[in-house]
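There are 2 protein chains.
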Amino acid sequence: MKEPYSFTFYTASWYRRSPYWQRTVEAGCTSWDLYNHMLIPTLYDDDEREYWHLVEHVGLWDVAVERQVEIIGPDAARFTQLLTCRDLSRCDVLQCKYAPIIAPDGGIVNDPILLRLSENHFWLSLADSDAMLYALGVQAFAGMDVTIREPDVSPLQVQGPKSRDVIRALFGDEVADLRYYRSWEGDLGSIPVVVSRTGWTGEVGYEIYLRDGSRGTELWDRVMEAGARSRIRAIAPSDQRRLEAGIFNYGNDMTVRDTPFHVTGMERLVEFAADFVGKEALRRVAAEGVDRKLVGVRLGGEPLRMWLEDFWVVRKDGRDVGRLVSASHSFRLKENIGYAWVPIELVEPGNELEVLSPDGPVPAVTASLPFLDPNKDIPKG
Amino acid sequence: MKEPYSFTFYTASWYRRSPYWQRTVEAGCTSWDLYNHMLIPTLYDDDEREYWHLVEHVGLWDVAVERQVEIIGPDAARFTQLLTCRDLSRCDVLQCKYAPIIAPDGGIVNDPILLRLSENHFWLSLADSDAMLYALGVQAFAGMDVTIREPDVSPLQVQGPKSRDVIRALFGDEVADLRYYRSWEGDLGSIPVVVSRTGWTGEVGYEIYLRDGSRGTELWDRVMEAGARSRIRAIAPSDQRRLEAGIFNYGNDMTVRDTPFHVTGMERLVEFAADFVGKEALRRVAAEGVDRKLVGVRLGGEPLRMWLEDFWVVRKDGRDVGRLVSASHSFRLKENIGYAWVPIELVEPGNELEVLSPDGPVPAVTASLPFLDPNKDIPKG
């Protein structure tokens, strides 16, 4: 299989750079994507080498593109609850939630990680859509006393089996031993940060939310220094690793035209005990059922290079029935894996399909998620 | 001056391609930007050659990235009025308006061209932000009966002094003779389109809104055929030409943190006779005044290449006072022009500044907009 189509890209003042930009250039980053109107590293030297470094050691990602929406004020808890189908009455201070944001018709506006910094202080750590604009729209007639803004916050992800050692060296045991989806607020020397036990990999991992963009280089250097013994290196977010883990990418996998009931694994995130915008619409979808769904697929053919360059048509018995929206090669499973939209009658694992790649038809079969559970699927040494 | 920093960019399934994608590749497009999560051509062969073709002949731009928000239903007129500070009681059917979308705090959410297709049917032809999400948010508690969605619409711009001949050859006199900011709805053969007398150049120009994405190649070919005698060619949107005309680019020139009263020339677009979200906030801003403003600047130094690669610091008497957010070289004015944010005491034309380019300090002076009025500033042959 060929690499995705490539061309020369010129930076411009309409793309914001991260506070880590200079360090990512110096670390050898060779290609960036655009995400929330900002540049995000997508390739340093080689996606397979970066993958193995992530799953065997520890990687440092510049994910300042995860722009934050801050919601603060006397009604912040009630207001934030309006935005998401997760039940925030069950979200402690310093707890995180994977919190789909829901439109009035039930569509997914974004799928951020929500951080509750205090009773009435929240951050939404965004995927790639301007969901702050949605929050501002809801505010217009909600009649609640909140301030909605983008704070000066720039996350880094420290991911991989050795990430705990790096975080321990930087912050000590309390932070290294955080439970999954819990966070900590404090300082690294005098650099203000929040650290959460979250990430986009399925590996052990953390995010460090820098709260002062002028100190990006300093934070980057501190992390690199603390990780030297663990062989930390700068890598790009891994499409292969997130696919193995059954993690979705907003914008191609699902959009505002899809509800959580359309996405395998997201159904359980709709908590009807909560009061949120779009609740009645989602009740109807839940009652009536959906006619199509996003599912996992295993694909034949040559190993895929990097990631999918465009959607591919999915066929069944010679008819176009859907589209492949993500795919890459799992270097550990030694096969191509991805996600496809298929009609409801084909969502069960084991359905045979055909996918039209630019190089010709490729066999595919629907599969359950996640593709890989490190505790189960990887033979121990 | 150097070109902006460049690197290899790989396409991905998370960037939508335009229905004209294949034709832009075949026409020799060599570089694209990202805009509303889609790829937009930014360079074919040479930005100066493309500029001269635009101002002397006619250019065809793929601007499918101008994604539409459709607002339709019994309350569509009242609802759309909520979103913008323009007075829509003065907007006829088939009229267009440059219609800033306003947040509850008065910030600019987007600055689309609004098209009124019928009494209760509107399109917002977006600049680069997910303003549909804002409209969906406002809908949550507005209590109005409207449907908000993205229709299957993909605009092309036909711009330049010969554009009228091309439109006449395609659609006849009625459409070619449209008044500025008026539109027409119909078919080209059997291809459904809307045509408006609008554009991003300050030249005579039109936009053709294709209403069936499956027919992009067909429409492109029809336009190219009709324009052959006028020497039409595919070009990229021209940063130089829009700067000459005093046109703004949402995202770098202004953002949701700025109100129309912060942007020179946008003040007059706030029509308090209308009822819209953010009206009270804008009344306060109007009464209290602003402490900074976006203004035109003329810059010394070597001719700039292409466009600004990142913001540059603006100084006055040795102090950092603002930032340059756009700049390019006007090939007709033979000087560098751009926009900068400056403190309110420096907004009048003629204030001398210093701008810190990557190659060193450059003198600058504030200037009135537009930089160039073709009827006044260009000597006749």
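Taken in order, these protein sequences are the chains called A and B. Here the first sequence is numbered in the working numbering, starting from 10 and rising by one per residue. Here the second sequence is numbered in the working numbering, starting from 10 and rising by one per residue. Cβ coordinates follow ideal geometry from the N, Cα and C atoms, glycine included. None of the values given here were measured: they were computed from a predicted structure.
- Query: Sorted by chain position, which residues of the same chain lie with C-beta nearer than 6 Å to valine 102(A)'s C-beta, five sequence neighbours on each side aside?
  - Reply: Arg125, Ser127
- Curious, which full-length alpha helix (DSSP H) runs of at least 4 residues does the region 216-245 of chain A contain? 225-236
- Message: I'd like the list of long-range same chain contacts for alanine 151(A), defined as Cβ closer than 7 Å, with 5 residues on each side in sequence excluded.
- Response: Phe88, Leu91
- To the nearest angstrom, report how far apart proline 113(A) and glycine 146(A) are at their CA atoms. 12 Å
- Determine the direct distance from the alpha carbon of asparagine 119(A) to that of arginine 95(A), and round the result to whole angstroms. 13 Å
- Message: I'd like to know if aspartate 120(A) contacts chain B, where contact means its C-beta is closer than 7 Å to some C-beta of that chain.
- Response: no
- Which partner residues does methionine 47(A) have in the DSSP bridge list? Arg25(A), Tyr44(A)
- Message: One question on the structure: do glycine 305(B) and alanine 376(B) come within less than 7 Å of each other, judged by their Cβ atoms?
- Response: yes
- Anyone know if the C-beta pair for aspartate 267(A) and serine 335(A) falls short of 7 Å? no
- Query: Near methionine 153(A), what residues of its chain come up, given a Cβ to Cβ distance below 7 Å and the 5 sequence neighbours on each side ignored?
  - Reply: Asp84, Arg87, Phe88
- Message: Judging by CA-CA distance, which residue of Ser192(A), Ile81(A), Tyr190(A) is the nearest neighbour of threonine 156(A)?
- Response: Ile81(A)
- Query: At least one CB of chain B closer than 7 Å to the CB of proline 113(A): is that the case?
  - Reply: yes
- Message: On the CB-based measure, 16 or more other CB atoms within 10 Å of its CB, does alanine 140(A) come out buried or exposed?
- Response: buried
- Message: For the ligand HEM, is there any heavy atom lying closer than 6 Å to the beta carbon of proline 121(B)?
- Response: You won't find the ligand HEM in this model; it holds no ligand whatsoever.
- Does any residue of chain C bring its CB to less than 7 Å from the CB of asparagine 261(A)? Among the chains of the structure shown, chain C does not appear; the protein chains present are A and B.
- Query: Looking only at C-alpha atoms, which of Pro50(A), Met233(A), Thr264(A), Glu297(A) sits nearest to arginine 453(B)?
  - Reply: Residue 453(B) lies beyond the residue range present for chain B, which begins at 10 and ends at 390; the question has no answer from this structure.
- Item | Backbone secondary structure at arginine 266(B) - three-state DSSP | coil
- Message: Mapping the DSSP letters down to three states, classify leucine 365(A) as helix, strand or coil.
- Response: strand
- Closest residue to phenylalanine 281(B) among Leu48(B), Ser247(B), Thr93(B), Glu12(B) (Cα-Cα distance): Thr93(B)
- Taking only the alpha-carbon atoms, compute the straight-line gap between glycine 390(A) and glutamate 65(A) and give it to the nearest angstrom. Because the pLDDT at glycine 390(A) is just 44, under 50, the model does not fix this residue reliably, and the value given afterwards should be weighed accordingly. The straight-line gap from Cα to Cα measures roughly 13 Å.
- Message: Is there a C-beta anywhere in chain A that falls below 7 Å from the one on glutamine 148(B)?
- Response: yes
- Query: Using a C-beta cutoff of 7 Å, does tryptophan 209(B) count as contacting chain A?
  - Reply: no
- For a contact meaning CB atoms closer than 8 Å, what does asparagine 258(B) contact in chain A? Trp23
- Item | Best match in Leu219(A), Glu183(A), Asp186(A), Tyr190(A) for proximity to isoleucine 200(A) [C-alpha to C-alpha] | Leu219(A)
- Proximity below 7 Å, CB of aspartate 71(B) to CB of tyrosine 29(B): yes
- Query: Roughly how many whole angstroms lie between the Cα atoms of arginine 307(B) and lysine 343(B)?
  - Reply: 11 Å
- Message: Taking the straight line between their C-alpha atoms, what separation do you get for lysine 325(A) and glycine 331(A)?
- Response: 9 Å
- Query: Looking at the unbroken alpha helix (DSSP H) that takes in arginine 332(B), where does it start and where does it end?
  - Reply: Arginine 332(B) -> not in any alpha helix (DSSP H); beta strand (DSSP E) instead, spanning 328-339.
- Item | Meets three-Cβ-pair contact criterion under 8 Å: the region 10-21 of chain A and the region 19-27 of chain B | yes
- Message: Could you tell me the alpha carbon to alpha carbon distance between aspartate 186(B) and threonine 207(B), rounded to whole angstroms?
- Response: 12 Å
- Task: Below 8 Å CB to CB, which residues in the same chain sit around phenylalanine 180(B) once its five sequence neighbours on both sides are set aside?
- Result: Trp193, Gly195, Leu197, Val204
- Item | lysine 325(A) - containing beta strand (DSSP E), residue span | 321-325
- Query: Between valine 167(A) and glycine 68(A), what straight-line distance do the alpha-carbon atoms span, to the nearest angstrom?
  - Reply: 6 Å
- Query: What are the boundary residues of the alpha helix (DSSP H) that tryptophan 30(A) is part of?
  - Reply: 30-35
- Would you list the residues sitting across from tyrosine 19(A) in a DSSP beta bridge? Ser15(B)
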